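**Student:**
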Amino acid sequence: MAYFRIPYEATKTFCEKVFQGYGFTEEEAVQITDVLLTSDLWGIESHGVQRLIRYHKEFTEGIARRDTKPEIIKETPISATIDGHAYVGQLLSAQAMRMAIDKAKKVGVGIVVVRDGTHNGVEGYYSEMAAKEGLFGMASTNTEAMMVPTGGREAILGTNPIAVSMPAEPYPFTFDAATTVVPRGKLEVYAKRDGVLPDNMALDETGQPCTDADRVLSNIIAKNFGGILPVGGPSEMWGGHKGYGFGMLCEILTGIFAGGKTSYEACRIPNRAETCQFFMAIDYGMFGDKAEIEKSFNEFLELIRNSPAAEGVDKVYTHGQKGFENARIVKEQGVLINEKTYEEMKMIGEYTGASELLPVRR
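Just so we're aligned: the sequence shown equals residues 1 to 362 in my numbering.
What follows is the structure, encoded as structure tokens:
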């Protein structure tokens with residue numbers, strides 16, 4: 001599958017026009033686009049414009065709605081529980097993290113959980129919202145059941161990404177990862193390429209290794225057995241049980257704490273997602289001198305980056321560094337997409353009245 005680039009600013013303008021075509025205000029369209037293109041800036045193809053086709057489905061089928069209003073179910077000085085009522089994930093999650101940030105600035109810690117949410121993009125976007133405000137941030141979401149627990153053959157947990165961010169120089173420290181070997185979006189990318197998955201990534205409905213991306217995706221959608229393996233792979237030998245455990249951590253923080261659906265229960269009702277999210281912000285200045293904490297952290301990151309690289313490796317990276325460096329490339333050279341995604345953009349542009357703004361391929 002051929003890849004090429006399209007200008008970043010033109011892609012941004014196109015996406016904002018597309019989301020306005022679905023009925024969002026200009027401000028809402030800017031927010032959704034910002035989340036979407038942050039993924040492409042960071043070099044995460046799976047959650048960038050590649051996902052426009054998913055949001056087309058969610059908006060047109062009423063899975064993610066803009067005509068509802070999130071409701072605060074319970075609130076304390078440091079916490080809140082929100083019923084999202086299927087509100088659009090990027091808007092709901094940004095609102096929830098802003099609430100956590102406000103609480104952290106007032107009392108040191110802010111924790112907000114959400115139930116009945118929808119797909120919200122990359123979790124690192126929300127954890128980094130806190131870092132940009134001088135706070136430690138954490139974000140997590142459960143998903144449709146896709147992870148097969150270690151030793152099993154039925155998908156019960158979600159891909160359950162966990163993201164943490166901390167202010168640092170010259171860019172924030174941001175670790176954002178699914179607790180499965182890959183997220184669903186990466187399966188979609190493989191399906192758009194040649195359809196072949198690497199080994200030790202997924203299982204078929206019988207519990208055997210499977211490298212057919214379409215088969216794995218079909219089983220996930222149909223709620224058949226099979227699914228994606230946890231980080232660490234198929235057994236305890238290489239730590240599969242650890243990825244499974246981190247997936248469980250997400251289930252506790254999201255569906256269990258929020259009084260909502262676990263990944264196994266989510267996405268069971270037609271045109272309903274009912275996923276749950278967790279957002280936390282911490283003012284680490286309550287532990288000591290904030291400047292000294294940041295200085296110590298920056299020195300530690302610099303130590304890691306300056307450590308000797310293994311033979312054949314260019315350099316040692318810290319989390320967030322590759323995304324920061326890739327963002328400069330994307331802004332200068334354009335967003336990297338494949339032919340199928342571009343064709344989807346054409347269709348969506350026609351549907352939303354944004355065709356005249358379709359970025360010209362380079």
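By construction, the Cβ of each residue, glycine as well, lies at the ideal position given by its N, Cα and C atoms.
Predicted model, so just to flag it, every value in this text is computed and none were measured.
With a CB to CB cut of under 8 Å and the five nearest residues on each side skipped, what residues in its chain are close to L52?
**Tutor:** So the qualifying residues of the chain are C15, V18, L36, T341, E344, M345 and I348.
**Student:** DSSP three-state call for Q277: helix, strand or coil?
**Tutor:** Of the three classes helix, strand and coil, the one that applies to Q277 here is strand, per DSSP.
**Student:** Tell me whether T25 sits in a helix, a strand or coil according to DSSP, three-state version.
**Tutor:** In the structure shown, T25 sits in coil (DSSP, three-state: anything other than H, G, I, E or B).
**Student:** Going by alpha carbons, who is nearest to E188 out of N160, E169, L217 and E128?
**Tutor:** With distances taken between Cα atoms, E188 lies closest to L217.
**Student:** Given this structure, state the Cα-to-Cα distance separating V313 from T179, to the nearest angstrom.
**Tutor:** Computed Cα separation, rounded: 25 Å.
**Student:** What is the DSSP secondary structure of S235, counted as helix, strand or coil?
**Tutor:** Residue state, collapsed to three classes: coil.
**Student:** Would you call the CB atoms of L357 and T13 closer than 7 Å?
**Tutor:** Yes.
**Student:** Could you tell me the distance, in whole angstroms, from the CA atom of E154 to the CA atom of A202?
**Tutor:** Taking the straight line joining both Cα atoms gives about 11 Å.
**Student:** Hey, would you say L92 sits closer than 7 Å to G62, going by beta carbons?
**Tutor:** Their beta carbons are not under 7 Å apart, which means L92 does not touch G62 by this criterion.
**Student:** By Cβ distance, which residues of its chain are closer than 6 Å to V88, with the 5 residues on each side in sequence left out?
**Tutor:** Cβ neighbours of V88 beyond the five flanking positions: A64 and R66.
**Student:** Measure the C-alpha to C-alpha separation of A291 and P209 and round it to an integer number of angstroms.
**Tutor:** When rounded, the distance between both Cα atoms is 50 Å.
**Student:** Name the DSSP beta bridge partners of A177, please?
**Tutor:** I162, per the DSSP bridge assignment.
**Student:** So, do the stretch 66 to 80 and the stretch 91 to 107 have three or more beta carbon pairs nearer to each other than 8 Å?
**Tutor:** Output reads yes: the stretch 91 to 107 touches the stretch 66 to 80.
**Student:** Taking Cβ positions, are G137 and A130 nearer each other than 7 Å?
**Tutor:** In this structure, A130 lies closer than 7 Å to G137 by Cβ.
**Student:** Identify, in the order they occur along the chain, each residue of the same chain with its Cβ nearer than 6 Å to the Cβ of N219, setting aside the five sequence neighbours on each side.
**Tutor:** E205 and G226.
**Student:** Name the one or two DSSP bridge partners that G137 has.
**Tutor:** DSSP, once it has assigned bridges, lists S165 and A281 as partnering G137.
**Student:** Name the two residues that bound the continuous beta strand (DSSP E) containing S79.
**Tutor:** That run of the beta strand (DSSP E) goes S79 to D83.
**Student:** Given 8 Å as the limit, is there contact between the stretch 95 to 112 and the stretch 300 to 315, that is, 3 or more CB pairs closer than that?
**Tutor:** As far as the Cβ criterion goes, the stretch 95 to 112 does not touch the stretch 300 to 315, which means the pair count is below three.
**Student:** Can you list, in chain order, the residues of its chain whose CB lies under 8 Å from that of A10, leaving out five sequence neighbours each side?
**Tutor:** Here the set comprises L357, P359 and V360.
**Student:** For K103, count the other beta carbons within 10 Å of its own beta carbon; 16 or more makes it buried, fewer makes it exposed. Which is it?
**Tutor:** That one is buried.
**Student:** By Cβ distance, which residues of its chain are closer than 6 Å to I32, with the 5 residues on each side in sequence left out?
**Tutor:** F19 and Q90.
**Student:** Roughly how many angstroms lie between the CA atoms of Q277 and P70, to the nearest whole one?
**Tutor:** Their backbone Cα atoms lie some 13 Å apart in a straight line.
**Student:** What is the DSSP secondary structure of M147, counted as helix, strand or coil?
**Tutor:** Of the three classes helix, strand and coil, the one that applies to M147 here is strand, per DSSP.
**Student:** Using alpha carbons as the reference points, say which of E26, E265, T141 and P172 lies closest to P183.
**Tutor:** Checked all of E26, E265, T141 and P172; the closest Cα to P183 is T141.
**Student:** Could you give the first and the last residue of the continuous alpha helix (DSSP H) run that contains R328?
**Tutor:** Start and end: Q321 to Q333.
**Student:** Tell me where the beta strand (DSSP E) around D116 begins and ends.
**Tutor:** Counting along the chain, the beta strand (DSSP E) containing D116 begins and ends at V109 to G117.
**Student:** Output the boundary residues of the beta strand (DSSP E) element that contains F297.
**Tutor:** Not the beta strand (DSSP E): F297 falls in the alpha helix (DSSP H), residues K290 to R305.
**Student:** If you run the structure through DSSP and keep just helix, strand and coil, what is E205?
**Tutor:** In this structure, E205 counts as coil in the three-state DSSP scheme.
**Student:** So what does K74 bridge to, in DSSP terms?
**Tutor:** DSSP output for K74 lists T81 as bridge partner(s).
**Student:** For Y244, I'd like the list of residues in its chain whose CB is within less than 6 Å of its CB, leaving aside the five on either flank, ordered along the chain.
**Tutor:** Taken in chain order, the residues that qualify are P149, T150 and P230.
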